[in-house]
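*Asks:* Residues in the first sequence are numbered from 0 upward in steps of one, following my numbering.
Backbone N, C-alpha and C define an ideal beta-carbon position, used for all residues, glycine too.
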Amino acid sequence: MTHGIVDVANFYVSAERLFDPSLRGVPVIVLSNNDGCAVARSEEAKALHVRMGEPVFKIRDRIKRHGIQLRSSNYELYADLNRRFNAVIAEHTDTVEIYSIDESFYRAPTLHNGLGDVEAAHRLREDILRQVGLPTRIGLGPTRTLSKVANALAKATEKVWGGVVDLHDTELRRRLFEQWPIGEVWGIGSALEARLHPLGIRTTADLAAMPPAVARDVGTVVLERLVRELGGIECADFKVEPDALKATAVTRQFGEPVKTLDELGEAMARRAARAAEKIRAQGLVASRLIAFAHGSRYRPNPPSASRSARLSPPTNDPRVILRIVGQMTEAIFQPGGVYTKCGVLLEDLTPQGQGQADLFATVDPRAPALLAAMDGLNSRFGRNTITLAVQGHGAKAFDTKRSQKSPAWTTRISEIPVAR
DNA sequence: TCTGGGGTCCTAGGACCC
DNA sequence: TCTGGGGTCCTAGGACCC
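1) Taking E223 as the reference, which of L206, E192, L80 has the closest Cα?
2) On the DSSP bridge assignment, give the partners of K340 in chain order.
3) Just list the residues that DSSP pairs E346 with in beta bridges.
4) Return yes when the Cβ of G218 is within less than 8 Å of the Cβ of L191, no when it is not.
5) Return the CA-CA distance between M327 and S305, expressed in angstroms with no decimal places.
6) For the stretch 188-231, list the alpha helix (DSSP H) runs that are entirely contained and at least 4 residues long, ordered along the chain.
7) Rounded to the nearest angstrom, what separates D374 and A280 at their Cα positions?
8) When you compare the CB positions of A107 and A119, do they come within less than 8 Å of one another, or not?
9) Starting from the N-terminal side, write out each stretch of the alpha helix (DSSP H) that is 4 residues or longer and does not extend beyond the stretch 3-66.
10) Take E75 as the anchor and find which of P317, M51, V417, I412 has the nearest alpha-carbon.
11) For D101, does the three-state DSSP call read helix, strand or coil?
12) Does the stretch 312-327 come close enough to the stretch 246-262 that 3 or more CB-CB pairs lie under 8 Å?
13) Helix, strand or coil for A235, going by three-state DSSP, please let me know.
14) Does the stretch 333-341 come close enough to the stretch 286-294 to have 3 or more Cβ pairs within less than 8 Å?
15) Could you tell me if N420 is buried or exposed, where buried requires 16 or more neighbouring beta carbons within 10 angstroms of its beta carbon?
16) Look at A425 and I28 and say whether their C-beta atoms are less than 8 Å apart.
17) Is the distance from the Cβ of N33 to the Cβ of T399 below 8 Å?
18) Would you tell me roughly how many angstroms separate the C-alpha atoms of L348 and R287, rounded to the nearest one?
19) Quick one: Cα of K57 to Cα of H65, how far?
20) Given a cut-off of 8 Å on the beta-carbon distance, is the pair V148 and V184 in contact?
21) Could you tell me how far apart the beta carbons of N9 and S41 are, in whole angstroms, since I believe they sit closer than 8 Å?
22) What does DSSP give as the partner residues of P241 in its beta bridges?
23) Leaving out the 5 sequence neighbours to the left and right, which residues in its chain are closer than 6 Å to D79 when beta-carbon positions are compared?
24) Beta carbon of L47, beta carbon of P20: below 8 Å?
25) How big is the Cα-Cα spacing for H2 and L171?
26) Taking C-beta to C-beta, are E262 and F397 nearer than 8 Å?
27) Return the residue from the list A271, E102, G336, V284 that minimises the CA-CA distance to P299.
28) Going by the beta-carbon positions, is the gap between Q403 and L30 smaller than 8 Å?
29) With distances taken from CA atoms, which of G264, R16, A44, R82 is nearest V324?
30) Tell me whether D168 is buried or exposed, calling it buried when 16 or more other Cβ atoms sit within 10 Å of its Cβ.
31) Short of 6 Å in beta carbon distance, which residues of its chain neighbour R401, apart from the five on each side in sequence? Order them along the chain.
32) Report, in whole angstroms, the separation of the C-beta atoms of Y11 and Y98, which I expect to be a contact under 8 Å.
33) I385: buried (16+ other C-beta within 10 angstroms of its C-beta) or exposed?
34) If we count the other Cβ atoms within 10 Å of its Cβ and call it buried at 16 or more, is A275 buried or exposed?
35) Under 7 Å Cβ to Cβ from V87, same chain only, skipping five residues before and after it: list those, please.
36) Whose C-alpha, out of P301, V220, V226, is nearest the C-alpha of I200?
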């Protein structure tokens, strides 16, 4: 068995460069929501030591001195490009598993008869570059974990090996693992790294040599599986069909801090309405609702509170959800508090019309038609064409800032590029 | 002044049951 | 002094990922 993983190099930056040639060859960073942190960096920006997740205000001088270009996140664009490069992968294999916005697993052999896995991977990279314009790297291995490690090694060795690394060969694994720190391995975060170091486990070779029972003892069954996978034994499922969504969240920092119950109520209602919209789009209903609001953790004694409730019967009706969120907001709000973020989570999601009916609840028989009409209008004429009154209307100071956003080049007819 | 958002999985421990 | 045993279910919290 061969597992492959394709990842797009510096995806958000590569996406921005696709439609804005002035960004090519210069340092670029793409910012998180609210234009707060660097979440993607071009190679030139990495060379200037801009770190992942670094707050923008801390690197203002470097941005100015080196002319680093900034862009707000443009998720419509990234989601559309994700669809496009996965369509190319699907031309090569019928086993694509979309893993994240910029990575997809697949299984070899691909549909190229007679080509070796490595040769076919090079062909796939070329096709994605030619058809979509995005640079990628591919890792191959007998397990998903090994393909992820191979992918990381493909980044590090791109100049030598051309962006494809295959870790089937145990001798090659042995050699490379000696040099590869465990913190770089998929599944080893800072906490596990800190527990493993005192045990003398520092390289991937050390990790792969751990007896599985010891791994389980030090960590959990997750670490045990990771160690087995490093040894070439498959423990993870491959899923062409994505699992149904189990929970969803809409949480945002405010553009400007919020100090009144009215504003917090509107901000909370907007997030709740968006969360309900998201699960309706998937035909799901929620059984559990959580709302929270808090101040800045970088300030002394920030306000912070949350409330949760069961939804019975499970629902995706914004009228029901917003009413409960409104009550929760009143319970959460502390007068005098300065709030910087709030959010709504919907959990225990199940397919609509499948759950047990609630004996004592009355369900509005007209709701499906009403909600379908709402969603139809908002999808046709743009988000928030029609909303519930408690969401307020128009742009507000507390809305998320995206001051450097590029146009929706590929998904909105009014914003497509013009060629002269 | 300014510090992202959205997921999944696992475990420990409490509540409850017979 | 001595105070059962074995389950299930739920939740909070931690860890990880991109």
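*Replies:* According to the data block:
1) Taking the first sequence and counting its residues from 1, the one referred to as residue 223 is at position 224. Nearest of L206, E192, L80 to E223, Cα basis: L206.
2) In the first sequence, residue 340 corresponds to position 341, counting from 1. Paired residue(s): Q252, H293.
3) Reading the first sequence from its first residue, position 347 is the one you call residue 346. Beta-bridge pairing links E346 to A246, R287.
4) The residue given as residue 191 occupies position 192 in the first sequence. The residue given as residue 218 occupies position 219 in the first sequence. Yes, these two residues count as a Cβ contact at 8 Å.
5) Translated into the one-based positions of the first sequence, residue 327 becomes position 328. Translated into the one-based positions of the first sequence, residue 305 becomes position 306. If I take the Cα positions, the gap works out to 8 Å.
6) Runs found: 189-195, 203-207, 211-217, 220-229.
7) On the first sequence, position 375 is the one that residue 374 refers to. On the first sequence, position 281 is the one that residue 280 refers to. Taking the straight line from one Cα to the other gives about 8 Å.
8) Working through the first sequence from its first residue, we reach residue 107 at position 108. Working through the first sequence from its first residue, we reach residue 119 at position 120. Yes, the Cβ-Cβ distance between A107 and A119 is below 8 Å.
9) If one requires a minimum length of 4 residues, the alpha helix (DSSP H) runs lying completely within the stretch 3-66 are 10-18, 42-46, 59-65, in chain order.
10) One-based indexing of the first sequence puts residue 75 at position 76. Nearest option by C-alpha distance: I412.
11) The residue labelled residue 101 in the question sits at position 102 within the first sequence. Coil at D101, not helix or strand.
12) By the C-beta criterion, the stretch 246-262 is judged not to be in contact with the stretch 312-327, since fewer than 3 inter-stretch pairs fall below 8 Å.
13) Mapped onto the first sequence, residue 235 falls at position 236. Reduced to three states, the DSSP call for A235 is coil.
14) yes
15) There is no way to answer for residue 420, as the model of the chain reaches only from 0 to 419.
16) With the chain covering 0 to 419 only, the question about residue 425 has no answer from this structure.
17) Position 34 of the first sequence, counting from 1, holds the residue named residue 33. Position 400 of the first sequence, counting from 1, holds the residue named residue 399. Taking 8 Å as the Cβ cut-off, N33 and T399 qualify as a contacting pair.
18) As a working note, residue 348 is residue 349 in the first sequence. As a working note, residue 287 is residue 288 in the first sequence. Cα to Cα, the separation comes out at about 8 Å.
19) Taking the first residue of the first sequence as position 1, residue 57 is located at position 58. Taking the first residue of the first sequence as position 1, residue 65 is located at position 66. Rounded to the nearest angstrom, the two C-alpha atoms are 15 Å apart.
20) Within the first sequence, residue 148 is the residue found at index 149, counting from 1. Within the first sequence, residue 184 is the residue found at index 185, counting from 1. In this structure, the beta-carbon distance from V148 to V184 falls below 8 Å.
21) Numbered from 1 along the first sequence, position 10 holds the residue referred to as residue 9. Numbered from 1 along the first sequence, position 42 holds the residue referred to as residue 41. With a Cβ gap of about 6 Å, N9 and S41 count as contacting.
22) Here residue 241 is taken as the residue at index 242 of the first sequence, counted from 1. None, per the DSSP bridge assignment.
23) Taking the first residue of the first sequence as 1, we reach residue 79 at position 80. So the list reads T409, T410, once near-sequence residues are dropped.
24) In the first sequence, the residue the question calls residue 47 occupies position 48. In the first sequence, the residue the question calls residue 20 occupies position 21. Result no, Cβ atoms of L47 and P20 do not sit closer than 8 Å.
25) Your numbering for residue 2 matches position 3 in the first sequence. Your numbering for residue 171 matches position 172 in the first sequence. Taking the straight line joining both Cα atoms gives about 17 Å.
26) The residue labelled residue 262 in the question sits at position 263 within the first sequence. The residue labelled residue 397 in the question sits at position 398 within the first sequence. Cβ atoms of E262 and F397: closer than 8 Å.
27) As a first step, residue 299 must be located in the first sequence, where it is residue number 300. Nearest option by C-alpha distance: G336.
28) Looking up residue 403 in the first sequence gives position 404. Looking up residue 30 in the first sequence gives position 31. Yes, they are a contact pair.
29) Looking up residue 324 in the first sequence gives position 325. For V324, the nearest C-alpha among the options comes from G264.
30) By 1-based counting over the first sequence, the position of residue 168 is 169. When all chains shown are included, D168 counts as exposed.
31) Position 402 of the first sequence holds residue 401. Here the set comprises S71.
32) For the purposes of this step, residue 11 is taken as the residue at position 12 of the first sequence. For the purposes of this step, residue 98 is taken as the residue at position 99 of the first sequence. About 16 Å; that fails the 8 Å criterion.
33) Reading the first sequence from its first residue, position 386 is the one you call residue 385. Exposed: under 16 other Cβ atoms inside 10 Å.
34) Along the first sequence, one-based indexing puts residue 275 at 276. Buried is the call here.
35) In the first sequence, the residue the question calls residue 87 occupies position 88. For V87, where only same-chain residues beyond five positions count, the Cβ hits under 7 Å are D126, I127, Q130, V131.
36) Position 201 of the first sequence, counted from the first residue, corresponds to residue 200. Residue V226 is the option with its Cα nearest to I200.
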